[in-house]
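Below is one structure, written out as structure tokens, with a few remarks after it.
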Amino acid sequence: MYLMTILQRVIGGIAVLVLLLLGIVVVSFSSTRSIHDRLTVITEQSAPLGQAISEINVQLLSANQTLLSLLAETDAAQIDKGQQLFGQQLIKYQQMHEQLPALLAGHAELAKAFDQERQMGNAYSTQANTLIENHRATADTRQKVRTLQSYATPEGNRLSSYLQAYSAQKKAEGNADAVRAAQLLLIDTDKTYAGFAAQAVRLDVASLNVVLNQQQDVIAERLRALAAVDARTARVVGVMVTRLLHDMAAPDGLREGYVRQAAAQETFDAQRQRTGQALQATLDALRVLNAGAVAVAKQAKTDTDVTVATSREALFIVALAAICAALVIGFWVARGLRRPLHAFRESLRLVTAGDLRIQFDVRRKDE
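Residue numbering for the sequence shown follows this note's numbering, starting at 8 and increasing by one per position.
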């Protein structure tokens, strides 16, 4: 039966230990590489992606703030300036998206959310520019109506003063019919001018229509009644009333101006609501994208923790196996040394006793 020599046992034991050490190295290298890959996802993808999304979100809100400031302007030049600034910020907002595709590699869901956010952003841009044009039209209409109202107010004051003075004069003369005709005309013209003036404070076409309902016919009738008692004064007053009648009925009059302003304001309000909805949809899409980036980072961290735990277990097992192997090999070598050492001691004892007839077992090289 062949038995291994001590040298062979030592070499074999060292070989086993070397293999175990190589196993430890392999496990360590594998775990280190895996951890590095997970950390790369966090540092080179998730973190930059989260930062980029935050910057895009801030840029979008900044552009919307510019839009809100623009909507507070009424001067055409200021509106143009604000629109130019808003356009520049939207261009920057779009340019900031160009760095995201590289950070979304390997994440199909995030890429889908990114495409959706970009579509929402384009929709917001379209709605916002439409809103600016509506605001421009509304401001222009409002300015034209204000101009018409600025003409109507002094004319109304002049007509009122003239009729009041005329009534006072005729009252002093004792002409009751002229006083009554002038007062009735004054009441209806003042009522009409007051209705127009109220629209400058609070636009309400429905209430204006109530005030002006058949008012044109009433004023014409009052003017005829005045003409019946004082034709000359009626002609003078008629010249001043003509402008009022024009404002009440003409397509370019004050009444139609307020109707156009109300229509423009209604269109503007509806467009502003659509723009707000588009902005909210874009912000929601950004939140979804950011949540996806956070989820990727959390998953990478979880995978890293699992890899670290697995590596610890593997290293513990391999190290324990190495310790056990070292003990077994040591016991194995020690056990192999016991017989040749015993034979060597016996030979020394015989030689010391003077017996030179030492015998060795040629089958045992250690002896």
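For glycine and all other residues, C-beta sits at the position ideal for the given N, C-alpha and C.
Please read all numbers here as calculations on a predicted model, not as lab measurements.
Would VAL388 be called buried (16 or more neighbouring beta carbons within 10 Å of its own) or exposed? One cannot answer for residue 388 here, as it falls past the ends of the chain, which runs 8 to 374.
Going by other Cβ atoms of all chains shown within 10 Å of its Cβ, with 16 needed for buried, is GLY337 buried or exposed? Exposed is the label assigned to GLY337, since fewer than 16 other Cβ atoms lie within 10 Å of its Cβ.
Over the uninterrupted alpha helix (DSSP H) stretch that includes GLU228, give me the two end residues. GLU228: member of the alpha helix (DSSP H) spanning 222-236, first to last residue.
Mind checking whether ASP254 and ALA159 have CB atoms under 8 angstroms apart? Yes, these two residues count as a Cβ contact at 8 angstroms.
Identify whether LEU26 lies in helix, strand or coil by the three-state DSSP scheme. Helix at LEU26.
Got a sec? Which residues, its chain only, sit under 7 angstroms from ASN71 by beta carbon, not counting five neighbours each side? In chain order, LEU286 place their CB closer than 7 angstroms to the CB of ASN71, counting only its own chain and leaving out the 5 sequence neighbours on each side.
Give every residue of the same chain whose Cβ lies closer than 7 angstroms to the Cβ of GLN106, excluding the five residues on either side of it in the sequence, and list them in chain order. ALA59.
Beta-carbon spacing of GLN66, GLN96 below 8 angstroms: Contact: yes.
Pull up the CB-CB distance for ALA232 and ALA188, whole angstroms please, since I reckon it's below 8 angstroms. Confirmed, Cβ separation roughly 5 angstroms.
Would you kindly work out how many angstroms separate the C-alpha atoms of GLY20 and VAL313, rounded to a whole number? GLY20 and VAL313 have their C-alpha atoms roughly 34 angstroms apart.
What's the gap between the Cα of GLU162 and the Cα of GLU180? Roughly 27 angstroms separates the two Cα atoms.
Cutting at 8 angstroms between CB atoms, please list the residues of its own chain near THR148, excluding the five before and the five after it. Taking C-beta separations shorter than 8 angstroms and ignoring five residues to either side along the sequence, the partners of THR148 in its chain run GLY264, ARG267, GLN268 and ALA271, following chain order.
Between the C-alpha atoms of LYS119 and PRO55, what's the straight-line distance to the nearest angstrom? Computed Cα separation, rounded: 18 angstroms.
What whole-angstrom Cβ distance do THR196 and VAL243 have, given they're in contact under 8 angstroms? With a Cβ gap of about 14 angstroms, THR196 and VAL243 do not count as contacting.
Quick check on the DSSP output: the alpha helix (DSSP H) that includes PRO258 runs from which residue to which? Element bounds for PRO258: n/a, residue is neither H nor E.
Measure the alpha-carbon distance for THR81 versus ASN141 and round it to whole angstroms. Cα to Cα, the separation comes out at about 12 angstroms.
Hey, would you say MET127 sits closer than 8 angstroms to GLU62, going by beta carbons? Contact: no.
Please report how far the alpha carbon of PHE69 lies from the alpha carbon of GLN85, in whole angstroms. Sequence inspection shows Ser at residue 69; the Phe mentioned does not correspond to that position. Rounded to whole angstroms, the separation of the alpha carbons of GLN85 and SER69 is 18 angstroms.
Please report the straight-line C-alpha distance between ALA241 and GLU273, rounded to a whole angstrom. In this structure, the alpha-carbon of ALA241 lies about 41 angstroms from that of GLU273.
Give me the Cβ distance between LEU251 and THR199, rounded to the nearest whole Å; I'm assuming they're in contact under 8 angstroms. In this structure LEU251 touches THR199 by the C-beta definition: roughly 6 angstroms separates them, less than 8 angstroms.
Taking 8 angstroms as the threshold (C-beta atoms), are GLN278 and THR73 in contact? Contact annotation: THR73 and GLN278 have beta-carbon atoms that are not nearer than 8 angstroms.
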